Structure formats: C-alpha cells, structure tokens
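These notes are about the structure you will find just below.
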Amino acid sequence: MRADLGRIRAKLKDGAILVKVILNHPMETGSRKDPATGELIPRHFIREVVCEHNGKPVLTLDWGWGISTNPFLSFVVKQGETGDTLTVRWTDNQQITGALETVVN
C-alpha cells in the first residue's frame, strides 16, 4: 500500500453527506512511452472502487485505463449524521490496494 493515497472529505448538509475524494494514482494507459528509454509504460490503473458508509457499501465503481491521473470522485449519501464514517477502498490492475477514511463533520 502506498503512503500518500489521496484525500477524502465528508460534510453533512441537510441530512445528506457530500463526499469528495482525490485518489493519488498514475492511471497509466499503456500507450505512453518512457522518454528516457522509449519503451511503453505498462498499464497501471484502478479497477474497482468501493465506497462505504459506516461499513456498508453504498457505491461500487468498475474503472478502466481511460480514467485520468489522480482521479476525483464526488457523490452524495442521502442519509447521514455527524460522526458517521466514510471509507473509500480501491484495487488496481496490479492488485495494489488502498483505502481512505474520514469522519463526517
């Protein structure tokens, strides 16, 4: 697991939680060449993202190599309270995993 996985924020407004996430990931397409060697840089991208509210999945995403570097994700959880926990877990095509967690304020 990488040390700097990104950032997550969750704010409560009118009983709903607005979640904003930036995942630090290269999201390589496999079609770019390394300028030093001229070799293609292998594909390296996030395949699956699972978002959980208090440990229960609320959103599952299947991504591919067409997503931008350091992807941004924003979504709303309709029912929430201050103190709830939001977790975003991901797995990439090299079986590297990561997770970000925050408490709703």
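Quick note on the UniProt record's numbering: the sequence shown kicks off at 1 and runs consecutively.
All residues carry an ideal CB built from backbone N, CA and C; glycine is no exception.
Note that the structure is predicted; figures quoted are calculated from it, not measured.
Nearest neighbour of residue i, chosen from the options [CA to CA]
{"i": "Gly-80", "options": "Val-104, Ser-74, Gly-55", "result": "Val-104"}
{"i": "Asn-93", "options": "Val-19, Gly-30, Lys-20", "result": "Gly-30"}
{"i": "Arg-9", "options": "Lys-78, Thr-91, Leu-73, Gln-95", "result": "Leu-73"}
{"i": "Gly-55", "options": "Lys-13, Trp-65, Asp-84, Trp-90", "result": "Asp-84"}
{"i": "Thr-69", "options": "Leu-59, Arg-43, Leu-61, Thr-60", "result": "Arg-43"}
{"i": "Arg-32", "options": "Trp-65, Glu-52, Trp-90", "result": "Trp-65"}
{"i": "Trp-63", "options": "Asp-34, Arg-7, Thr-91", "result": "Thr-91"}
Paired residues, beta bridge with residue i - DSSP
{"i": "Ala-10", "result": "Val-19"}
{"i": "Asp-92", "result": "Ile-46"}
{"i": "Asp-62", "result": "Glu-48"}
{"i": "Gly-98", "result": "Trp-90"}
Same chain, Cβ closer than 8 Å to residue i, neighbours up to 5 away in sequence not counted
{"i": "Leu-5", "result": "Leu-23, Asn-24, Gly-98, Ala-99, Leu-100"}
Exposure of residue i, with buried meaning 16 or more beta-carbon neighbours within 10 Å
{"i": "Ile-46", "result": "buried"}
{"i": "Met-1", "result": "Only weak support exists for where Met-1 lies, its pLDDT of 44 falling under 50; the value from the coordinates is given anyway. Exposed is the call here."}
{"i": "Gly-40", "result": "The sequence shown places Leu at residue 40, rather than the Gly named in the question. Exposed is the call here."}
Cβ shell of residue i (< 6 Å), same chain only, five flanking positions each side left out
{"i": "Ile-67", "result": "Met-27"}
{"i": "Val-19", "result": "Ala-10, Phe-75, Leu-86"}
Residue i and residue j closer than 8 Å at C-beta
{"i": "Val-88", "j": "Ala-16", "result": "no"}
{"i": "Pro-57", "j": "Val-50", "result": "yes"}
{"i": "Leu-12", "j": "Thr-102", "result": "no"}
Chain-order list of residues whose beta-carbon lies under 7 Å from that of residue i (same chain, five-residue window excluded)
{"i": "Ala-36", "result": "none"}
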